[in-house]
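Residue numbers for the sequence shown follow the UniProt record's numbering, so the first one is 1 and each next one is one higher. Note that beta-carbon positions come from the ideal geometry of N, C-alpha and C, so glycine has one too. These notes are about the structure you will find just below.
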Amino acid sequence: MGLFLEALQARFEDPSRVQRAEAEILGLRQKGRPVREYVREFQQVAGRLRTWPERLLVHNFHWGLDKDLRQACVMRGVPPRLQDWFRVVSELDAGLQEFQVSSSDQSFLRRTGPRPTEVSGQPKTSTPSVRSTFRCFRCNRPGHCVVECPVPALTTTPRSQEKPSPTQKKTPERSRAACQTEESIPQQVPITTSLTSPDESLVEYDNADPNEDPMVSQPICPFAIPISLTSPMTGHIGEFQALIGLGCTRCLVSRGVVKKLGIKVYRLAHPIRFEQVDGSLLGGVPATVVTELVMLDMNDHWEMLRFIVVPSMMEDIIIGLAWLDKWGPTIWWEGGCRHMCLSVGPWPLRTEAEEKDKVVGGSKIAAESGDGELGFPAAYADLAEVFSERECDTLPPHRPTDCAIDILPGAKLPKPRMYPMTPRELEELHQYIDKNLARGFIQPARSRIAVPVLFQEKKDGGLRLCVDFRGLNAVCVEHIYPLPLMKDLLAHLARGRVFTKLDLREAYYRVRIKSGDEWKTAVNCPLGSYQFRVMSFGLQEPPAVFMQLINGVLHEHLYHGVLIYLDDILIYMKNMEEHVSLVREVLQKLLDAQLYVKLSKCKFHRSCIDYLGYRISARGVEMDPKKVRSVLEWQAP
1 MGLFLEALQA RFEDPSRVQR AEAEILGLRQ KGRPVREYVR EFQQVAGRLR TWPERLLVHN
61 FHWGLDKDLR QACVMRGVPP RLQDWFRVVS ELDAGLQEFQ VSSSDQSFLR RTGPRPTEVS
121 GQPKTSTPSV RSTFRCFRCN RPGHCVVECP VPALTTTPRS QEKPSPTQKK TPERSRAACQ
181 TEESIPQQVP ITTSLTSPDE SLVEYDNADP NEDPMVSQPI CPFAIPISLT SPMTGHIGEF
241 QALIGLGCTR CLVSRGVVKK LGIKVYRLAH PIRFEQVDGS LLGGVPATVV TELVMLDMND
301 HWEMLRFIVV PSMMEDIIIG LAWLDKWGPT IWWEGGCRHM CLSVGPWPLR TEAEEKDKVV
361 GGSKIAAESG DGELGFPAAY ADLAEVFSER ECDTLPPHRP TDCAIDILPG AKLPKPRMYP
421 MTPRELEELH QYIDKNLARG FIQPARSRIA VPVLFQEKKD GGLRLCVDFR GLNAVCVEHI
481 YPLPLMKDLL AHLARGRVFT KLDLREAYYR VRIKSGDEWK TAVNCPLGSY QFRVMSFGLQ
541 EPPAVFMQLI NGVLHEHLYH GVLIYLDDIL IYMKNMEEHV SLVREVLQKL LDAQLYVKLS
601 KCKFHRSCID YLGYRISARG VEMDPKKVRS VLEWQAP
C-alpha cells in the first residue's frame, strides 16, 4: 500500500506544492482583516503542511496576528494547541469590539495617545462612578487603571526615594486579591514613575534579545481545568473551563453562567469587593449576590458548592484559595501540562485526629483494596450498611431464583481433571480457599465429577482464579433469560440530567446454588476437592439467573429512572431532588435483598458519566473517548 501511494503521489502530485505552502504561510498576516478570515486562510494553508510540527504552526499563526491581538494574547495566555489559539483569538477579537467606545476611539489595547478632553464649553459633569474612586498606579490620575494608562513605565523611582505627601494616609498591607467589604477599602498609594512621551507607550521590537528570559517574555498559559456545573433548580448542565486563581480568595462565577443555567441567587449581607493587582475592581462593581448550592463535577471529584456572582467577569469561573485550602489538591506541572489530583467525592481532607473519629452513618466503610475510607453523599448516611464489605462476607439466603444446574438426561459426565500449578499460584490458591471456607462460600466435596482450576494474570500483576466449567456446561440444560439490548437502554436516557452509577460487590456470590446441586460444581486442585455453595463465574447459568434476581428486586423502577445490565445499575433523573429520592429507594431495596454496593466503583450525582462503553450527559449519548482512543491507536498490521 505504501509503494502504491508513493507512486500515485509521484505521478499526480504537484512537486512544489509543499514549498509554495511554506512560503505562503511564512508571509501570511492578518493585516486588519476579521479574525475569522485570517483563521480560515491559515487553516487552508496549514492543511497542506502535514509534516510541520504543531509548535511551528502556532508560532507562525501568532506572529501573523495584528499587534493588538498579540498583546491581548500575552495578557490572556493561551494553551500550546493550535485549535485553542483559533478559539482564544476569536474570543479576544470579540471582546476588543465590545470595548470600542465609538467609531473614532480605539479599544484600550490599541490606544497609544492620551485621553481626549473637553475643549469647548463647560466641562460635562457626571455623578461619581466606581472608576472615579481610584487612581492609576502609573500616572496617579483618576478615572482609569494601569492597563488603560497611556503613559508607559520605563523607569521606576526606587521605593526608598519616594516621599509621601503629607495628605496621604498610611494604608495597611493586604493582599490585592483579598475579599474586603465596601466600607473597609483604604485609599490607594500610587507608585511614582518617570513619564515619557505618550507616543512611545506601546513600542514593538522586531528583533528579540537572544538572551531574554522565557519566563518574562513568553506568554504563559493560565491554569484552567474542565468542569461542569449542574443547577439543582432547572437541572441544566454546563461545561466550562475554570481558572485556578491563586490570587483570589473565593470561588467566583460570571453572571452569564448564572443566566445560562438558570441558577437561583441570594443577596449577600454585605457587598464584597474583589480588587485586581492594578487596583481596579473585578467586574467594575462590588459583588452583591451568591448562588444556591450547585453541583460541581470535576473528573472523579464532585461536590455541592456556592459561588459569588461577579457582574462583568471575562472568565466563566474562578476557583479560589478557599476551595484549594479545603481540598489540598496535588498539582503536577511537568512537561508544560497542569494536572490536579483530588479525592473522589464530596469529602475534604481531614486531619489524623478527624480521620480516627470519622464514622459515616454509625459504621466505618472501608475500601475493598484497603486504601482507607471512601466517602459517599451525606443523603445516604443512614444506608451505610449497603456499602459494607463485612456484610458481603456472609452467606446469602436461599431464594426462588437460586441457580439450578440441570444435567441433560443420559449425558456422559466429564471426568475429573487437575492442572499443575506454580508455587506462586499454589500460595494464591491457599489464600482463596481459606478465605471462602471461612465465609461459607465453598465446602469440601465428594463428587462423581470435578473440574480443574487455573490462574490468569491481571493487569496489575495479580492472579485471578478461573474455574474451567466447559465440560460441565456441555452437558447441562441452558436456561434462557433475556439480557437487555443496548439500544433499548440508551433510548430511555433523553430526560436524564443527573446520573448515578452503582456497581454491585461480588454480585454472583450473592446468589446461592440450588439446594442439592452443589456437588455438580466440584473442583479439583492440589489442595483437595471443593464445591461451591454460591454461584461461580464460568458456569453458563449466572448471567440469566442474576438478571432475573435483580430485575425482580428493582422491578417497579425499571426504565423509570433505573437501567440495569447485570451488576451495573444506572440511575437518572431530571433534577437533583428527584434523583436523590430515587437513589435512596434503590439502595434500600438492594439492602433489603442483601445485595451490596462496591463504593470504590460508584459515581454519584454526575452530570456526565461513562456507562457500558458510552459517555452519557444532558447533550446525549456518545462513545466513550477512551474506547475510541484505543481503536485509533491500534498498530497497523
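Report yes if the CB atom of residue i is closer than 7 Å to the CB atom of residue j, and no otherwise.
| i | j | result |
| --- | --- | --- |
| ARG250 | GLY328 | no |
| residue 669 | ARG267 | Only positions 1 to 637 of the chain appear in the structure, and residue 669 is not among them; the question remains open. |
| ALA450 | ALA522 | yes |
| VAL35 | VAL89 | yes |
| LEU582 | GLY561 | yes |
| MET233 | HIS605 | no |
| VAL580 | ALA322 | no |
| LEU65 | GLN43 | no |
| HIS301 | LEU261 | no |
| SER228 | ASP297 | yes |
| LEU28 | VAL58 | no |
Measuring CA to CA, which of the options is closest to residue i?
| i | options | result |
| --- | --- | --- |
| GLN594 | GLN30, ALA507, ASP278 and ALA522 | ALA507 |
| TYR481 | LEU261, GLU633, LEU296 and GLU541 | GLU541 |
| LEU395 | PHE42, LEU8 and VAL511 | VAL511 |
| GLN484 | LEU599, LEU566 and THR291 | Per the sequence presented here, residue 484 reads as Pro, with Gln not at that position. It is LEU566 whose Cα lies nearest to the Cα of PRO484. |
| TRP519 | PRO444, VAL18 and PHE42 | PRO444 |
| LEU490 | LEU527, ILE571, CYS525 and LEU465 | ILE571 |
| ARG424 | LEU261, CYS403, LEU408 and GLY462 | GLY462 |
| LEU408 | HIS398, PRO526, TYR419 and ASN473 | ASN473 |
| PHE274 | VAL253, GLU585 and LEU69 | VAL253 |
| GLU24 | PRO526, PHE61, ARG464 and LEU3 | PHE61 |
| ARG399 | LEU261, GLU427, SER280 and LEU549 | LEU549 |
Along the chain, where does the beta strand (DSSP E) that runs through residue i open and close?
| i | result |
| --- | --- |
| TYR614 | 614-617 |
| residue 685 | Any question about residue 685 goes unanswered here, given that the chain covers just 1 to 637. |
| LYS501 | 498-503 |
| PRO452 | 451-457 |
| CYS403 | Note, CYS403: premise wrong, no beta strand (DSSP E); not H, not E. |
| ASN575 | Neither: ASN575 is in no beta strand (DSSP E) and is coded neither H nor E. |
| GLU622 | 620-623 |
| PRO271 | 265-274 |
| GLN531 | 528-532 |
For residue i, collect the residues of the same chain with a Cβ closer than 6 Å to its Cβ; drop the 5 residues on either side in sequence, then sort them by chain order.
| i | result |
| --- | --- |
| THR167 | Note that THR167 scores a pLDDT of 40, beneath 50, so its modelled location is shaky; the value from the coordinates is reported in the next line. Contacts found: none. |
| ASP406 | VAL477 |
| GLY283 | VAL310, PRO311, SER312 and MET313 |
| LYS358 | Any answer about LYS358 is weak, because its pLDDT of 38 lies below 50 and its placement is not dependable; what the coordinates show is given next. Once the five neighbours on either side are set aside, LYS358 has no close Cβ partner at all. |
| GLU622 | ARG615 |
| THR291 | ILE263, VAL265, ARG306 and PHE307 |
| ILE609 | PHE499, LYS501, LYS603 and ILE616 |
| LYS601 | ASP503 |
| ARG55 | none |
To the nearest angstrom, how far is it from the Cα of residue i to the Cα of residue j?
| i | j | result |
| --- | --- | --- |
| ILE564 | HIS270 | 49 Å |
| ILE433 | ASP468 | 17 Å |
| ASP316 | THR230 | 14 Å |
| ARG439 | VAL545 | 22 Å |
| LEU8 | PRO625 | 34 Å |
| MET535 | ASP517 | 11 Å |
| ALA287 | VAL257 | 15 Å |
| LEU493 | GLU578 | 15 Å |
| LEU587 | PRO543 | 21 Å |
| GLU385 | LEU599 | 11 Å |
| VAL453 | TRP85 | 57 Å |
| GLY47 | ILE272 | 49 Å |
| LYS364 | ARG505 | Note that LYS364 scores a pLDDT of 36, beneath 50, so its modelled location is shaky; the value from the coordinates is reported in the next line. Each residue's alpha carbon lies about 17 Å from the other. |
| THR401 | ARG533 | 14 Å |
| GLN276 | THR51 | 43 Å |
| PHE387 | TYR596 | 6 Å |
| ARG390 | PHE441 | 14 Å |
| MET486 | ARG417 | 39 Å |
| ARG70 | ARG40 | 18 Å |
| ARG446 | ASP460 | 36 Å |
| GLU368 | HIS555 | Low confidence applies to GLU368: its pLDDT is 32, below 50, so where it sits in the model is not reliable enough to give any reading. |
| THR196 | CYS73 | Legend: pLDDT at THR196 = 37, less than 50; position of this residue unreliable, no value from coordinates given. |
| GLY496 | LYS326 | 31 Å |
Measure from the C-beta of residue i to each C-beta in chain D and report whether the shortest distance is under 7 Å.
| i | result |
| --- | --- |
| ALA21 | Looking for chain D here will not work: only one protein chain is present. |
Start and end of the alpha helix (DSSP H) containing residue i?
| i | result |
| --- | --- |
| LEU324 | 321-327 |
| LEU429 | 423-439 |
Kindly list the residues whose CB is nearer than 7 Å to the CB of residue i, restricted to its own chain and excluding five residues on each side of it in sequence; keep chain order.
| i | result |
| --- | --- |
| ASN551 | LEU558 and ILE564 |
| LEU413 | ARG448, ILE449 and VAL475 |
Among residues of its own chain, excluding the 5 on either side of residue i, which ones have a beta-carbon nearer than 8 Å to its beta-carbon?
| i | result |
| --- | --- |
| ALA21 | VAL45, ARG48 and LEU49 |
| PHE537 | CYS466, VAL467 and TYR508 |
| GLN428 | Before going on, a small fix: residue 428 reads as Glu here, not Gln. Here the set comprises PHE455, LEU463 and LEU465. |
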